[in-house]
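As structure tokens, this is what we get:
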């Protein structure tokens, strides 16, 4: 009986799992590129949640076919919103990657613990 | 890259990929796609050209000045179409009430101003992708 | 072209100015500066006109493309958004005049154009956040604001800017995605993203799906709290301040983090209305966060040696004050919080710009080097002293009026312990601001109380400082006209 509920809401459970996995990656890993990947995974989780809201059981994608009339379409509004959201997350990923390139040029490492040690050494010299 | 197979195949494939990208941009209002996806495809073909043939030839094909014009032009085109709606029907980005032709539902020439907006977005996204790629590998634009 | 088009014309003016700047790269830079100043002047005039119009004639609704509110985006100009867009335009104009005086220290010449492109897109997105009536549209504008603020902070090519910018991006992205998750939960429960339509159906949704609404409120408070530097999530703010040019620090601390608190106010009072908030006892949570921020922000500020980091921690404490006013969930509390947004904006801008001028001329940043500064740079230290006295809460400044109003609001809701925390926090403010003033004016062994000259910095840097000093005192002496606008804004939120 509770297995029924899980199968019904599997989309939402998957989206929340992705969100939590992404959050754990950002908070605990020390490699900078892995953190950027974590942000992407979190974003994917939220977008999946949004799109799963618009799903109608037995619906078809919202494209009008002039030959067939009276179809049951899924809700197109969440898909349109997420299209914009994906572009935003991609642009933030690109910006973070360019920052990582500059950090590597200057410090020769992309590990957060090494970076903290190097920065505190520099600050102690002042 | 100096491999002759990679260079020949790239030279053949890139025009077809760009036509496919333009097809996806123009069909944004009828089938899945639109400005973002089509612009990403065209941007990827330009990145592929830069990767295979080297930085110098890539810069000659799509120079810094061209990307400046494409980026500013894309947004100015979008804003101009929106202002047409502002002038004729008193609200920014109005579609049919501002006089854009409606056309037959389901064909390419339909949907008012949406194909025009998609073209502007596609050009801007393609230019952004190649500019950001150049920035990442070049350290300085 | 009637008055209804003015909101979108404001945004388009900023956007087109940002697009035109790269095309003017080959002309002398003065043309860009003058054009930017004309655009800012026009936007300031139109915002003031909108402020007068909505207070006398009524609210403006503007739907894009003529689509109805369920499917389209709606801009709404009411006393709340008109007041704050005018305040933001005014502060931005003052900071713009200061930045044109070549005080953007450390930025290379080729980057000047890019700095102003980012600045105008930033202003456009702030206006968009305040005008819009749609939750998802707010998310898009919040992301544009995050990226441009991060770029404006990390524009110097020095080593330490990159790590602080990376931490900034990571934490702000966490905040934005939490906010988006809250929007998704609200959309799931009510079926709308338009704020007016949600507020009509939120009560039914709360009865049918209480878990969704509660979790959505939690995610939104955390997400917007990370971006507004509320206490446990404030870690990115001092690092960002120590690495940025002074104009960017002023923009970040005085304007940008306030906009996120305004989004939180809009979400709390217009989406979840007062009944749900009182039922869930949100007031206690917000008050506890505010109290902790007020004390811990000041405690950390005392220990800093770099003056910009100290001002950053001071901002964290002041955001605690604003959250205290909001968390009381009453008319007087909101009125005090909004007045503190205005007065803290003026005072923090004055502090950062005067510190910027001192760094520009004397190339030093440590608190201990302010010895005798009052006689080398009288205008900068004078304005710094007026603003610092305002932060402490001395009468005759606007800071005193805002602390008075906060105290009255706290007493009105019978939260005596927060009055004690307010007084304690003011005393902690004294501990780190007053030594700087004393060092600068009274301790000098070298200069023997002799005024050398007005400092030889460009006139476009001194004039905004003087204007800010005058404004702090004038708003402190005659707050009544501004209170009329603020009370109209609070009424439009609470009704």
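Residue numbers (the working numbering), protein chains in the order written: chain H, 6 to 131; chain E, 209 to 349; chain R, 100 to 594. Note that the Cβ used here is the ideal one computed from N, Cα and C, for glycine as well. Here the structure is a predicted model, which is why all the values come from computation and not from measurement.
- Who does residue 293 of chain R pair with in a DSSP beta bridge? What you label residue 293 of chain R is simply residue 194 of the third chain in a count that begins at 1. In the DSSP output, where bridge partners are listed per residue, residue 293 of chain R has R/233.
- Per the contact definition of three or more C-beta pairs closer than 8 Å, is the region 303-311 of chain R in contact with the region 230-246 of chain R? Output reads no: the region 303-311 of chain R does not touch the region 230-246 of chain R.
- Task: Identify whether residue 573 of chain R lies in helix, strand or coil by the three-state DSSP scheme.
- Result: As a first step, residue 573 of chain R must be located in the third chain, where it is residue number 474. Looking at residue 573 of chain R - three-state DSSP - the assignment turns out to be helix.
- Query: residue 138 of chain R lies in the beta strand (DSSP E); which residues open and close that run?
  - Reply: Along the third chain, one-based indexing puts residue 138 of chain R at 39. From DSSP, residue 138 of chain R is part of no beta strand (DSSP E) but of the alpha helix (DSSP H) over 128-155.
- Message: Taking DSSP's pairing of strands, which residues face residue 110 of chain H in a bridge?
- Response: The residue labelled residue 110 of chain H in the question sits at position 105 within the first chain. The beta-bridge partner set that DSSP reports for residue 110 of chain H is empty.
- Message: I want to verify the contact list: residues of chain H whose CB lies under 7 Å from the CB of residue 258 of chain R, in sequence order.
- Response: As a position in the third chain, residue 258 of chain R is number 159, starting the count at 1. Residues of chain H passing the Cβ test: 111.
- Exposed or buried, residue 128 of chain H, counting other C-beta atoms within 10 Å across all chains shown (16 or more means buried)? Residue numbering aside, residue 128 of chain H sits at position 123 when the first chain is read from its first letter. Per the 10 Å Cβ criterion, exposed.
- Task: Taking C-beta pairs closer than 7 Å, name the residues in chain E that residue 506 of chain R reaches, listed in chain order.
- Result: Your numbering for residue 506 of chain R matches position 407 in the third chain. Simply none; closest approach about 45 Å.
- residue 303 of chain E - DSSP class collapsed to helix/strand/coil: Sequence index remark: in the second chain, residue 303 of chain E carries index 95 (1-based). Three-state result, residue 303 of chain E: coil.
- Please go through the same chain and pick out, in chain order, the residues whose beta-carbon is closer than 8 Å to the beta-carbon of residue 17 of chain H, but skip the five residues on each side of it. Within the first chain, the letter at position 12 stands for residue 17 of chain H. Once the five neighbours on either side are set aside, the close Cβ partners of residue 17 of chain H are 54 and 57.
- Message: At the level of alpha carbons, what is the spacing between residue 122 of chain R and residue 335 of chain E?
- Response: Working through the third chain from its first residue, we reach residue 122 of chain R at position 23. Working through the second chain from its first residue, we reach residue 335 of chain E at position 127. A direct Cα-to-Cα measurement between residue 122 of chain R and residue 335 of chain E gives close to 16 Å.
- Could you have a look at residue 460 of chain R and say whether DSSP puts it in helix, strand or coil? Counted from its first residue, the third chain places residue 460 of chain R at position 361. The answer is helix: DSSP assigns residue 460 of chain R an H, G or I state.
- Quick one: Cα of residue 80 of chain H to Cα of residue 69 of chain H, how far? Translated into the one-based positions of the first chain, residue 80 of chain H becomes position 75. Translated into the one-based positions of the first chain, residue 69 of chain H becomes position 64. One C-alpha to the other measures close to 13 Å.
- What residue range is occupied by the uninterrupted beta strand (DSSP E) comprising residue 175 of chain R? The count along the third chain starts at 1 and reaches residue 175 of chain R at position 76. Residue 175 of chain R: member of the beta strand (DSSP E) spanning 173-176, first to last residue.
- Message: Looking at the strands, I want to know which residues DSSP matches up with residue 465 of chain R.
- Response: Taking the first residue of the third chain as position 1, residue 465 of chain R is located at position 366. R/405.
- What first and last residue would you give for the beta strand (DSSP E) that runs through residue 160 of chain R? Within the third chain, numbered from 1, the residue matching residue 160 of chain R stands at position 61. Counting along the chain, the beta strand (DSSP E) containing residue 160 of chain R begins and ends at 159-162.
- Under 8 Å between C-beta atoms, does residue 37 of chain H make it to chain R? In the first chain, residue 37 of chain H corresponds to position 32, counting from 1. Chain R contact via Cβ: present.
- Query: Any chance the region 355-362 of chain R sits against the region 297-305 of chain R, with 3 or more Cβ pairs inside 8 Å?
  - Reply: no
- At a Cβ threshold of 8 Å, is residue 15 of chain H touching chain R? Position 10 of the first chain, counted from the start, is the residue given in the question as residue 15 of chain H. Cβ-Cβ to chain R under 8 Å: no for residue 15 of chain H.
- Excluding five sequence neighbours on each side, which residues of the same chain lie with their C-beta closer than 7 Å to the C-beta of residue 117 of chain H? Within the first chain, the letter at position 112 stands for residue 117 of chain H. Same-chain partners within the cutoff: 35 and 37.
- Query: Among the residues of its own chain, which have a CB less than 7 Å from the CB of residue 190 of chain R, if the five just before and after it don't count?
  - Reply: In the third chain, residue 190 of chain R corresponds to position 91, counting from 1. Counting only Cβ-Cβ distances below 7 Å, and skipping sequence neighbours, we find 353, 354, 444 and 448.
- Beta-bridge pairing of residue 78 of chain H - partner residues as DSSP gives them: Locating residue 78 of chain H in the first chain gives position 73, where the first residue counts as 1. BP columns for residue 78 of chain H point to H/65.
- Query: Would you say residue 325 of chain E faces chain R, with C-beta separation under 8 Å as the test?
  - Reply: For the purposes of this step, residue 325 of chain E is taken as the residue at position 117 of the second chain. No - not a single Cβ of chain R is within 8 Å of the one on residue 325 of chain E.
- Item | Residue span of the alpha helix (DSSP H) that contains residue 309 of chain R, given as start and end | In the third chain, counting from the first residue as 1, residue 309 of chain R sits at position 210. Where residue 309 of chain R is concerned, the enclosing alpha helix (DSSP H) stretches over 309-326.
- Three-state secondary structure (DSSP) of residue 72 of chain H: Counting from 1 along the first chain, the entry for residue 72 of chain H is found at position 67. Three-state DSSP puts residue 72 of chain H in coil, outside helix and strand.
- So which residues on chain H does residue 237 of chain R lean against when the C-beta distance must stay under 8 Å? On the third chain, position 138 is the one that residue 237 of chain R refers to. Near residue 237 of chain R there are no residues of chain H at all, since even the closest Cβ is about 12 Å away, more than 8 Å.
- Item | Sequence-distant residues of the same chain with beta carbon closer than 8 Å to residue 323 of chain E, five excluded per side | Position 115 of the second chain, counted from the first residue, corresponds to residue 323 of chain E. Excluding sequence neighbours, residue 323 of chain E sits near 234, 236, 237, 316 and 317.
- Query: Among the residues of its own chain, which have a CB less than 6 Å from the CB of residue 111 of chain H, if the five just before and after it don't count?
  - Reply: Within the first chain, the letter at position 106 stands for residue 111 of chain H. Cβ neighbours of residue 111 of chain H within its own chain (closer than 6 Å, five residues either side excluded): none.
- Query: Using the rule of at least 16 other Cβ atoms within 10 Å of the residue's Cβ for burial, across every protein chain shown, is residue 247 of chain R buried or exposed?
  - Reply: In the third chain, residue 247 of chain R corresponds to position 148, counting from 1. With 16 or more other Cβ atoms within 10 Å, it is buried.
- Message: For a test of the three-state rule: what should DSSP assign to residue 377 of chain R, helix, strand or coil?
- Response: Residue mapping note: residue 377 of chain R aligns to position 278 of the third chain, counting from 1. It is helical.
- What's the gap between the Cα of residue 487 of chain R and the Cα of residue 382 of chain R? What you label residue 487 of chain R is simply residue 388 of the third chain in a count that begins at 1. What you label residue 382 of chain R is simply residue 283 of the third chain in a count that begins at 1. When only Cα atoms are considered, residue 487 of chain R and residue 382 of chain R end up about 30 Å apart.
- Task: Could you tell me how far apart the beta carbons of residue 51 of chain H and residue 283 of chain R are, in whole angstroms, since I believe they sit closer than 8 Å?
- Result: The residue given as residue 51 of chain H occupies position 46 in the first chain. The residue given as residue 283 of chain R occupies position 184 in the third chain. About 6 Å; that satisfies the 8 Å criterion.
- Leaving aside the five residues before and after residue 94 of chain H along the sequence, list all residues of the same chain whose C-beta is less than 6 Å from its C-beta, in chain order. Along the first chain, one-based indexing puts residue 94 of chain H at 89. Excluding its 5 nearest sequence neighbours in each direction, residue 94 of chain H has C-beta neighbours in its own chain below 6 Å: 48, listed in chain order.
- Message: Just list the residues that DSSP pairs residue 36 of chain H with in beta bridges.
- Response: Counted from its first residue, the first chain places residue 36 of chain H at position 31. Residue 36 of chain H is bridged by DSSP to H/116.
- Would DSSP call residue 255 of chain R helix, strand or coil? Locating residue 255 of chain R in the third chain gives position 156, counting from the first residue. Note: residue 255 of chain R maps to coil in three-state DSSP.
- Backbone secondary structure at residue 274 of chain E - three-state DSSP: On the second chain, position 66 is the one that residue 274 of chain E refers to. Residue state, collapsed to three classes: helix.
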